[in-house]
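Peer 1:
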Amino acid sequence: AEKREAANTVTYVIIKVNARPITLYDVLRLYNVDVPARLLPVIRSSPVMTFIHHDPLRNSIGFAIETANPDRALANMPAWESKIAFDIRPLFFKAEIEHLRPFDHRTYRNIDLRLAKLSDRYDVAVAYTIFAARNIFVLTTSENAIKSAIDRLLDTIR
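Residue numbers in the sequence shown follow the working numbering, run continuously in steps of one, and reach 378 at the last position.
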């Protein structure tokens, strides 16, 4: 029988390439994701923390990366919003993208984030935020994953 992780838990994944921690750029390049040139300096150098968020119906992936210039990262993301869901399609595992709605500005626990729902039936979305207290850029493939990431990051500053 297949072992399922408990709902609303997170598994951290450590990936190395040639004995060095992988960057978000490495992950996206692996899947041939076309990253806007303005974002490359933001995601190219720092190691990425990859995590899998477990939900009862599906797992989703997320990335957290320290950035030296969080304002620049946040300023450059809207230009990618119109096509990011298609660019990162392999990261949705087998989840079905039903539609692409415009990104909404949301707030969760006083942290601003951007979210585009891709399904009405399941928690399939593209979400991102900057966690300013640690200069961490977070990108996930579900709403629950971004909320879990924010919860865990807030726990680190208490």
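We treat Cβ as the ideally placed atom computed from N, Cα and C, and that holds for glycine.
(1) Determine the burial state of R329: buried for a count of at least 16 other Cβ atoms within 10 Å of its Cβ, exposed for fewer.
(2) DSSP three-state call for F312: helix, strand or coil?
(3) If you draw a straight line from the C-alpha of V255 to the C-alpha of K314, how long is it?
(4) Determine, using beta carbons only, whether D275 and N364 come nearer to each other than 7 Å.
(5) Would you tell me roughly how many angstroms separate the C-alpha atoms of V253 and D307, rounded to the nearest one?
(6) Looking at the secondary structure, which residues open and close the alpha helix (DSSP H) in which V253 lies?
(7) For F357, which option in I317, R292, E316 has the closest C-alpha, if you only look at C-alpha atoms?
(8) If we call anything under 7 Å between Cβ atoms a contact, is L338 one with I317?
(9) Do A288 and M269 have their beta-carbon atoms positioned less than 7 Å apart in this structure?
(10) Nearest-angstrom Cα distance between T243 and R341?
(11) Quick one: give me the first and last residue of the alpha helix (DSSP H) that L277 is part of.
(12) Using the beta-carbon count (16 or more within 10 Å), is L311 buried or exposed?
(13) Would you check if the distance between the CB atom of V346 and the CB atom of A305 is smaller than 7 Å?
(14) The alpha helix (DSSP H) spanning F380 covers which residue range?
(15) Cβ of T229 within 7 Å of Cβ of I272?
Peer 2: Walking through what the data contain:
(1) Here the question's residue 329 lines up with position 109 in the sequence shown. Exposed: under 16 other Cβ atoms inside 10 Å.
(2) Counted from its first residue, the sequence shown places residue 312 at position 92. Three-state DSSP puts F312 in a helix.
(3) Indexing the sequence shown from 1 puts residue 255 at position 35. Indexing the sequence shown from 1 puts residue 314 at position 94. One C-alpha to the other measures close to 22 Å.
(4) Here residue 275 is taken as the residue at index 55 of the sequence shown, counted from 1. Here residue 364 is taken as the residue at index 144 of the sequence shown, counted from 1. Yes, they are a contact pair.
(5) Stepping through the sequence shown from its first residue, residue 253 is reached at position 33. Stepping through the sequence shown from its first residue, residue 307 is reached at position 87. Going from the Cα of V253 to the Cα of D307 covers about 5 Å.
(6) Taking the sequence shown and counting its residues from 1, the one referred to as residue 253 is at position 33. No alpha helix (DSSP H) holds V253; DSSP gives it neither H nor E.
(7) Position 137 of the sequence shown, counting from 1, holds the residue named residue 357. The shortest Cα separation from F357 among I317, R292, E316 belongs to R292.
(8) In the sequence shown, counting from the first residue as 1, residue 338 sits at position 118. In the sequence shown, counting from the first residue as 1, residue 317 sits at position 97. A contact, by the Cβ cut-off of 7 Å.
(9) For this step, residue 269 is matched to residue 49 along the sequence shown. For this step, residue 288 is matched to residue 68 along the sequence shown. Not a contact, by the Cβ cut-off of 7 Å.
(10) Taking the sequence shown and counting its residues from 1, one reaches residue 243 at position 23. Taking the sequence shown and counting its residues from 1, one reaches residue 341 at position 121. Whole-angstrom Cα-Cα distance: 32 Å.
(11) Taking the sequence shown and counting its residues from 1, one reaches residue 277 at position 57. Element bounds for L277: n/a, residue is neither H nor E.
(12) By 1-based counting over the sequence shown, the position of residue 311 is 91. It counts as buried.
(13) Looking up residue 346 in the sequence shown gives position 126. Looking up residue 305 in the sequence shown gives position 85. For V346 and A305, yes; Cβs fall inside 7 Å.
(14) Since the first residue of the chain shown is 221 and the last is 378, residue 380 is not available in this structure.
(15) The residue given as residue 229 occupies position 9 in the sequence shown. The residue given as residue 272 occupies position 52 in the sequence shown. No, they are not a contact pair.
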